[in-house]
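Trainee:
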């Protein structure tokens, strides 16, 4: 049973520091080996999990959600009212989609998402978080100087465009709905989904381009 | 806990690497660590305790070692703490006990289904009425505490406005002690100028989810 004692954990961390191999791949391998021995995981299932997150679960799921919101006003209303239910309806429920909030960009406002305290991310619809999202650089700066961080991503905003930063401090996760680009009126939902970039759903991309990013 | 993890607003970091290749995993071990973190849990572990164990990694390692390495260290530490295995077993790869569980081999669709079942809910019913209402101005606590908490340092002793009521959610500070207590949860919006001073853009804001005990009427 977990001790819930931080002092115990500090001791264990220090102990591990001198006992674990330095290479992260070897550390993970050691963990997998002992968990297999203990009957707690099967390596075959880990292989499958990696496949599922490489092939099926990733930002293309979020892109379908956004594209549908663009073409289906009733769905968009449901998505804005209860993101978890709307995503579940599309068969996209999964880790961190239990409390999902969609926030919409407008010509006058821009949304950007962060988790300053750890690395919370809506895995079920965006897949694995990019490494930059989890770095000290992004987490420290995007709350304090969002415009400077956005500029590094190539997003230049006028001083009049309001920037709303969402710091994921509880179990709510955020999905940014970027604006639908002009000139896409005749496009199908599948074609529209291809325009939606991962970063636009985090908020570090804004003006989506026809013909890809 | 005023630890290294509480990074919001801290100066001296950056720039952001915007040229990172867009791929699910940059190394095989990342995917394997992700999969293990979804499917193997130490007895009694809560999401909040797991986060706290990660926060307790030494500052040097927290900042400098690769991200999924910190997940490995966190999971290993929480499993040693819970008695799933000891360091000797980890080093040798040989279990000194009978298997603790039995896992069936799954196919691709089985994993997809398992994944779908992981949309966990953290809202709970509570009897006490919510103390605050949407539109109300609130002041956040000035002080943190030594344990796990989700009120970051940059948002302490600040005035914000409640924009949404989220229902009562499992309280993270208690969750890290293995206790399940729910408290009313609100989204609170702070003007960037309130957080960072007059040099911030007056149009900008930062919103956080905050539990009722982090807040007072202002």
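Residue numbers (the numbering used here), protein chains in the order written: chain P, 6 to 218; chain L, 422 to 639.
Even for Gly, the Cβ is constructed at its ideal location relative to N, Cα and C.
From a predicted model like this one, the values you see are computed outputs, not experimental measurements.
Would you mind listing the alpha helix (DSSP H) stretches within the stretch 111–177 of chain P that are 4+ residues and don't spill past its ends, in chain order?
Mentor: Qualifying alpha helix (DSSP H) stretches, in chain order: 128–131, 141–146, 151–157.
Trainee: Going by DSSP in three states, residue 73 of chain P sits in which element: helix, strand or coil?
Mentor: Note: residue 73 of chain P maps to helix in three-state DSSP.
Trainee: Name the DSSP bridge partner or partners of residue 106 of chain P?
Mentor: DSSP, once it has assigned bridges, lists P:179 as partnering residue 106 of chain P.
Trainee: Might you give, ordered along the chain, the residues of its own chain that have their beta carbon closer than 7 Å to the beta carbon of residue 139 of chain P, omitting 5 neighbours on each side?
Mentor: So the list reads 124, once near-sequence residues are dropped.
Trainee: If we define contact as Cβ-Cβ less than 7 Å, is residue 218 of chain P a contact residue for chain L?
Mentor: With a pLDDT of only 47 at residue 218 of chain P, under the threshold of 50, the placement of this residue in the model should not be trusted, and no figure is reported.
Trainee: Given residue 218 of chain P, which residues of its chain have a CB within under 6 Å of its CB, disregarding the five upstream and five downstream residues?
Mentor: Note that residue 218 of chain P scores a pLDDT of 47, beneath 50, so its modelled location is shaky; the value from the coordinates is reported in the next line. Same-chain partners within the cutoff: 202.
Trainee: Just by C-beta distance, which residues in the stretch 141–161 of chain P are closer than 9 Å to chain L?
Mentor: Hits within the stretch, in order: 141, 142, 143, 144, 145, 146, 147, 148, 149, 150, 151, 152, 153, 154, 157, 158, 159.
Trainee: What separation, rounded to the nearest whole angstrom, lies between the Cα atoms of residue 639 of chain L and residue 559 of chain L?
Mentor: Cα-Cα distance, rounded: 5 Å.
Trainee: If you draw a straight line from the C-alpha of residue 119 of chain P to the C-alpha of residue 446 of chain L, how long is it?
Mentor: Using only the alpha carbons, I get a separation of about 20 Å.
Trainee: Assess contact between the stretch 189–196 of chain P and the stretch 615–635 of chain L, defined as three or more Cβ pairs (one per stretch) separated by less than 8 Å. Is contact present?
Mentor: Contact between the stretch 189–196 of chain P and the stretch 615–635 of chain L is absent, because fewer than three Cβ pairs lie under 8 Å.
Trainee: For residue 206 of chain P, is the classification buried or exposed, using 16 other Cβ atoms within 10 angstroms of its Cβ as the cut-off for buried?
Mentor: Classification for residue 206 of chain P: buried.
Trainee: From which residue to which residue does the alpha helix (DSSP H) around residue 194 of chain P run?
Mentor: Counting along the chain, the alpha helix (DSSP H) containing residue 194 of chain P begins and ends at 194–198.
Trainee: Beta strand (DSSP E) containing residue 642 of chain L: first to last residue?
Mentor: In this structure chain L extends from 422 to 639, so residue 642 of chain L is not present and cannot be described.
Trainee: Taking residue 555 of chain L as the reference, which of L:583, L:596, L:509, L:454 has the closest Cα?
Mentor: Considering only alpha carbons, the answer is L:583.
Trainee: Can you check whether the C-beta of residue 430 of chain L is within less than 7 Å of a C-beta belonging to chain P?
Mentor: Yes - at least one Cβ of chain P is within 7 Å of the one on residue 430 of chain L.
Trainee: Between residue 619 of chain L and chain P, is the shortest Cβ-Cβ distance under 7 Å, so that the two count as touching?
Mentor: No, because no Cβ of chain P sits closer than 7 Å to the Cβ of residue 619 of chain L.
Trainee: Less than 7 Å between CB atoms is the rule here; does residue 598 of chain L satisfy it with respect to chain P?
Mentor: Answer yes: the Cβ-Cβ gap between residue 598 of chain L and chain P drops below 7 Å somewhere.
Trainee: Go to residue 607 of chain L, then tell me how far its beta strand (DSSP E) extends in each direction, as first and last residue.
Mentor: Segment 603–612, the beta strand (DSSP E) holding residue 607 of chain L.
Trainee: In three-state terms, what does DSSP make of residue 460 of chain L?
Mentor: It is helical.
Trainee: Using a threshold of 7 Å, state whether the C-beta atoms of residue 130 of chain P and residue 92 of chain P are closer than that.
Mentor: The answer is yes: Cβ separation under 7 Å.
Trainee: Can you list, in chain order, the residues of the stretch 530–557 of chain L whose Cβ is nearer than 9 Å to any Cβ on chain P?
Mentor: Here the close residues are 531, 532, 533, 535, 536, 537, 538, 539, 540, 541, 542, 543, 544.
Trainee: Kindly identify the DSSP beta-bridge partner or partners of residue 629 of chain L.
Mentor: The partner list for residue 629 of chain L (beta bridge, DSSP) reads P:172, L:609.
Trainee: Does the structure place the stretch 440–455 of chain L close enough to the stretch 141–159 of chain P that three or more beta carbon pairs sit under 8 Å?
Mentor: Segments in contact, no.
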